[in-house]
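The listed protein sequences correspond, in order, to chains A and B.
To convert, note that position 53 of the first sequence is 53 in our numbering; the numbers rise steadily by one, no gaps.
To convert, note that position 120 of the second sequence is 120 in our numbering; the numbers rise steadily by one, no gaps.
All C-beta atoms in this analysis are idealised placements derived from N, C-alpha and C, irrespective of residue type, glycine included.
Every value quoted in this text rests on a predicted model; they were computed, and no experiment measured them.
Shown next, in structure tokens, is the structure this report addresses.
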Amino acid sequence: MAFSEETRERAREIIARYPAGRSRSALLPLLHLVQSEEGYVSPEGIEFCAELLGLTKAQVNAVATFYTMYKRKPTGEWLISVCTNTMCAVQGGNETYKALSEYLGVGHEETTPDGKFTLEHAECLAACDYAPVMTVNYDFFDNVQASDALEIVKKLQEGERPQPTRGARLCTFKEISLQLAGFPDEREGAVAEGPAGDPTLAGVRLAEQYGISVPGFDPQTPITEPAPGGPGNVTPETAPKPAADRKPAGDDVKGA
Amino acid sequence: MAQPVVTRPSPEALAKLTPVLTKRWLSPDAWRLDVYERLDGYQALRKALAAHPDELIQLVKDSGLRGRGGAGFPTGMKWGFIPQGQDGKPPAKPHYLVVNADEGEPGTCKDLPLMMADPHSLIEGVIIAAYAIRANHAFIYIRGEAVHAARRLRHAVQEAYKAGYLGRDILGSGFDLDLVVHSGAGAYICGEETALLDSLEGFRGQPRLRPPFPATHGLYASPTVVNNVETIASVPYIVLGGAQWFRSMGTEKSPGPKIYSISGRVNNPGQYECSLGITLRQLIELAGGMQPGHELRFWTPGGSSTPLLTAEHLDVPMDYESMAAAGTMLGTTAVQVFSQHDCPVYATYRWIEFYHHESCGKCTPCREGNYWMKQILRRILAGKGTYEDLDTLLDACDNILGRSFCALGDGATSPVTSSIKYFKQDYLDYIEGRRPPLLDPVEV
Numbered sequence: 001m002a003f004s005e006e007t008r009e010r011a012r013e014i015i016a017r018y019p020a021g022r023s024r025s026a027l028l029p030l031l032h033l034v035q036s037e038e039g040y041v042s043p044e045g046i047e048f049c050a051e052l053l054g055l056t057k058a059q060v061n062a063v064a065t066f067y068t069m070y071k072r073k074p075t076g077e078w079l080i081s082v083c084t085n086t087m088c089a090v091q092g093g094n095e096t097y098k099a100l101s102e103y104l105g106v107g108h109e110e111t112t113p114d115g116k117f118t119l120e121h122a123e124c125l126a127a128c129d130y131a132p133v134m135t136v137n138y139d140f141f142d143n144v145q146a147s148d149a150l151e152i153v154k155k156l157q158e159g160e161r162p163q164p165t166r167g168a169r170l171c172t173f174k175e176i177s178l179q180l181a182g183f184p185d186e187r188e189g190a191v192a193e194g195p196a197g198d199p200t201l202a203g204v205r206l207a208e209q210y211g212i213s214v215p216g217f218d219p220q221t222p223i224t225e226p227a228p229g230g231p232g233n234v235t236p237e238t239a240p241k242p243a244a245d246r247k248p249a250g251d252d253v254k255g256a
Numbered sequence: 001m002a003q004p005v006v007t008r009p010s011p012e013a014l015a016k017l018t019p020v021l022t023k024r025w026l027s028p029d030a031w032r033l034d035v036y037e038r039l040d041g042y043q044a045l046r047k048a049l050a051a052h053p054d055e056l057i058q059l060v061k062d063s064g065l066r067g068r069g070g071a072g073f074p075t076g077m078k079w080g081f082i083p084q085g086q087d088g089k090p091p092a093k094p095h096y097l098v099v100n101a102d103e104g105e106p107g108t109c110k111d112l113p114l115m116m117a118d119p120h121s122l123i124e125g126v127i128i129a130a131y132a133i134r135a136n137h138a139f140i141y142i143r144g145e146a147v148h149a150a151r152r153l154r155h156a157v158q159e160a161y162k163a164g165y166l167g168r169d170i171l172g173s174g175f176d177l178d179l180v181v182h183s184g185a186g187a188y189i190c191g192e193e194t195a196l197l198d199s200l201e202g203f204r205g206q207p208r209l210r211p212p213f214p215a216t217h218g219l220y221a222s223p224t225v226v227n228n229v230e231t232i233a234s235v236p237y238i239v240l241g242g243a244q245w246f247r248s249m250g251t252e253k254s255p256g257p258k259i260y261s262i263s264g265r266v267n268n269p270g271q272y273e274c275s276l277g278i279t280l281r282q283l284i285e286l287a288g289g290m291q292p293g294h295e296l297r298f299w300t301p302g303g304s305s306t307p308l309l310t311a312e313h314l315d316v317p318m319d320y321e322s323m324a325a326a327g328t329m330l331g332t333t334a335v336q337v338f339s340q341h342d343c344p345v346y347a348t349y350r351w352i353e354f355y356h357h358e359s360c361g362k363c364t365p366c367r368e369g370n371y372w373m374k375q376i377l378r379r380i381l382a383g384k385g386t387y388e389d390l391d392t393l394l395d396a397c398d399n400i401l402g403r404s405f406c407a408l409g410d411g412a413t414s415p416v417t418s419s420i421k422y423f424k425q426d427y428l429d430y431i432e433g434r435r436p437p438l439l440d441p442v443e444v
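Rendered as structure tokens:
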């Protein structure tokens, strides 16, 4: 079989994460690992997982075909996923998908002939406050309209790696698959990249602007404090006034 | 990107803000262990490890904390269901804690920013919860696509191991805990807790028949607590501030702070941590008001699986009870705001495409029902609908709701029945040709 010794060693590491006798739990990360070497779940990859976990190929196949992120065909270096669920769709996601599809000449789950790009329309990517969004190998580009998306793809075609809005600099599909298999991102400084955007901080900034914090927070409160009147009787109106002028965690070292 | 709009919300709206879980997000490097520790990090763990596990379960019960993943089940009660050994004997089977970080309900976007900005608060909550239920193995099942948050989380777990917060004999307490961050692979159904467990065991993510419940037969058929990210991240604050302080926020039956995610046609979409029971009117004020030229027409209180509401519900408190009384659910407090420029029929169609795609195929009502509802909605939007189509849609919903194997099917009926209830005229406009088709009739 074609898998490198390095990949086999990683596979053993993955299996060791799970309790003894529960090696099947390693199947999802192992399938991600297969994609990190093959760029998709290849027949050899199915066999590799089956052999490692003592499963039949049919059992592995049954799992691999259930999940959207396991690709059945060789996937491009750059997997472009455009959210076209309702919130993104009505704010421009449909147009973005259409523009990319026309520009790249491929449809849903298709790859360009040069093997560079695979396009897909994605279901909700849990970033509605940044709608419309798209991801490249799952890292986010927020508030993307069709023209922005085309620009990102053109940069990738020119060999550049445009910086995602949130999250670290781009990985190739194989590189991100290794992280999905549970291995840390070893690139210098990558974990620090991707500051929280305005929507993430909107509420907490508003609270800061108006000097709002929750009163009565005392970290020394005993765990077994007696509940006068019993639990459930304390309403915001009758809650005890703060004994000390303590603020919730974070007040003192804000912006450290 | 447009600059945030600056408007002054009313004092009533501002009074609803409760920065607790989101407080540290303002510190740019709070994801790093050293910064987290300077911001009170791991103080709750020290306090918890000095207490008896049963005292912690009681504390969480007293706090009234309810599951933040949508169902609102009392967290302390869930923990209390885990059978503990009797007469000092250890329990027969190992216990497990599993964190549901498979965020994907359309509209929901609170857990990923939390894990990005403040991953250690989740890890600290995990350790305390695992100690309380006597689990030595915990898993965070994070949505596969969320690589940005998983990157931070895996880094934080490494840091926590190195600092002795995870592993053997944590802080000299004698308590051992291993924590694995496990990435999913793209299946919304794995947010359903029993499907998540099957997926974590290396199977197709399909829901299990309940009972037995995970509390006795969960991961590896052992007693298991499955909690949402926000639920677990609330625990350190309860341990520090106490149950009464926690109850100083929210309502009597829905206590505490809650991260509301507002998206759509407002000026400043985003995460707003508020006292449970804030109204949509107040939340929109906090979010800078409606976008110019947009008037509220319909909204989801807690993701696409919660029935739509309209402008007449602007002043209903968004807590578990009041939302139920209004015929919907609090869900994940994923508030999606749509205006007169958005079509409720099209919104429903896109959501049903989603449920069709994500239906796991295990049960017939959900698998077939969503397939056919999608065809019918397409037909209506392409100008080829009939009056009978509306009856067929409602009939399909009757056969899905309560007859599906899990809540995915039930949830799928929410946008269909509620949009027909409030916006039947929109459907009729397509059927009677008053509105031009949105979809190409040739493709249908």
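- Taking a C-beta cut-off of 9 Å against chain B, the contacting residues of the segment 127-143 of chain A are Ala127, Cys128, Asp129, Tyr130, Ala131, Thr135, Asn137, Tyr138, Asp139, Phe140, Asp142, Asn143, listed in chain order.
- Closer than 7 Å to the CB of Tyr272(B) there is at least one CB belonging to chain A.
- Shown here, Asp176(B) sits in coil according to DSSP, grouped into three states, outside any helix or strand.
- By a beta-carbon distance limit of 8 Å, Gly125(B) does not contact Pro19(B). Their separation comes to about 17 Å.
- Closer than 8 Å at the C-beta level to chain B, one finds these residues of the segment 197-214 of chain A: Asp198, Pro199, Thr200, Leu201, Ala202, Gly203, Val204, Arg205, Leu206, Ala207, Glu208, Tyr210, Ile212, Ser213, Val214.
- Within chain B, no C-beta atom comes less than 9 Å from the C-beta of Phe48(A); the nearest is roughly 15 Å away.
- Counting C-beta pairs with one atom in each stretch, the segment 20-30 of chain A and the segment 188-203 of chain B have three or more that are closer than 8 Å, which means they touch.
- Of all residues in the segment 10-28 of chain A, those with a C-beta nearer than 9 Å to a C-beta of chain B are Arg17, Tyr18, Pro19, Gly21, Arg22, Ser23, Arg24, Ser25, Ala26, Leu27, Leu28, reading in chain order.
- Distances from the CA of Pro106(B) to each of Lys89(B), Ala138(B), Gly69(B) were compared; the closest alpha carbon is that of Gly69(B).
- Contact annotation for Thr306(B) against chain A: no contact, minimum CB-CB distance about 13 Å [criterion: below 8 Å].
- Taking 7 Å as the threshold, the shortest C-beta distance from Ala51(B) to chain A falls below it.
- Residues of chain A with a Cβ closer than 8 Å to the Cβ of Ala221(B) do not exist; the shortest Cβ-Cβ separation is about 11 Å.
- If you check the CB distance, Asp395(B) and Ile376(B) do not come in under 7 Å.
- With 16 or more other Cβ atoms from the protein chains shown falling within 10 Å of its own Cβ, Phe66(A) counts as buried.
- DSSP, read as helix, strand or coil, puts Pro257(B) in strand.
- Nearest to Glu123(A) by C-alpha distance, out of Val204(A), Pro19(A), Pro219(A), Cys88(A), is Cys88(A).
- Leu150(A) is positioned such that its CB atom lies no closer than 7 Å to that of Arg161(A).
- Distance from the CA of Gly250(B) to the CA of Glu103(B), rounded to the nearest whole angstrom, comes to 24 Å.
- Rounded to whole angstroms, the separation of the alpha carbons of Asp178(B) and Pro215(A) is 35 Å.
- With a threshold of 16 other beta carbon atoms within 10 Å, Lys162(B) falls short and is exposed.
- The Cβ-Cβ distance between Ala132(B) and Leu49(B) does not fall below 7 Å.
- Look at the segment 167-247 of chain B and you find these whole runs of beta strand (DSSP E), each 3 residues long or longer: 178-183, 224-228.
- Partner residues in the beta bridge of Thr135(A), as assigned by DSSP, are Ser81(A), Phe140(A).
- Under a criterion of Cβ atoms nearer than 8 Å, the residues of chain A adjacent to Leu59(B) are, in order, Ile223, Thr224.
- Contact annotation: Ala334(B) and Thr108(B) have beta-carbon atoms nearer than 7 Å.
- Boundaries of the beta strand (DSSP E) around His137(B): 135-142.
- Spanning the alpha carbons of Phe48(A) and Val225(B) requires a straight line of approximately 33 Å.
- By the Cβ-count criterion, Pro43(A) is exposed, with fewer than 16 other Cβ atoms from all chains shown falling within 10 Å of its own Cβ.
- Residues of the segment 4-19 of chain B that bring their beta carbon within less than 7 Å of a beta carbon in chain A comprise Pro4, Leu14, Leu17, Thr18, Pro19, in sequence order.
- Within 10 angstroms of the beta-carbon of Val153(A) lie 16 or more other beta-carbons, which makes it buried.
- At a Cβ-Cβ threshold of 7 Å, Ala215(B) and Phe81(B) count as neighbours.
- Ser263(B) is bridged by DSSP to Gln336(B).
- With its beta carbon less than 7 Å from one in chain A, Cys109(B) belongs to the interface.
- Between Ile142(B) and Ala185(B), the C-beta gap is not smaller than 7 Å, which leaves the two residues out of contact.
- Within the model, the alpha-carbon separation for Glu193(A) versus Gln158(B) is close to 18 Å.
- Against chain A, the beta carbon of Phe203(B) has neighbours under 7 Å at Val63, listed in chain order.
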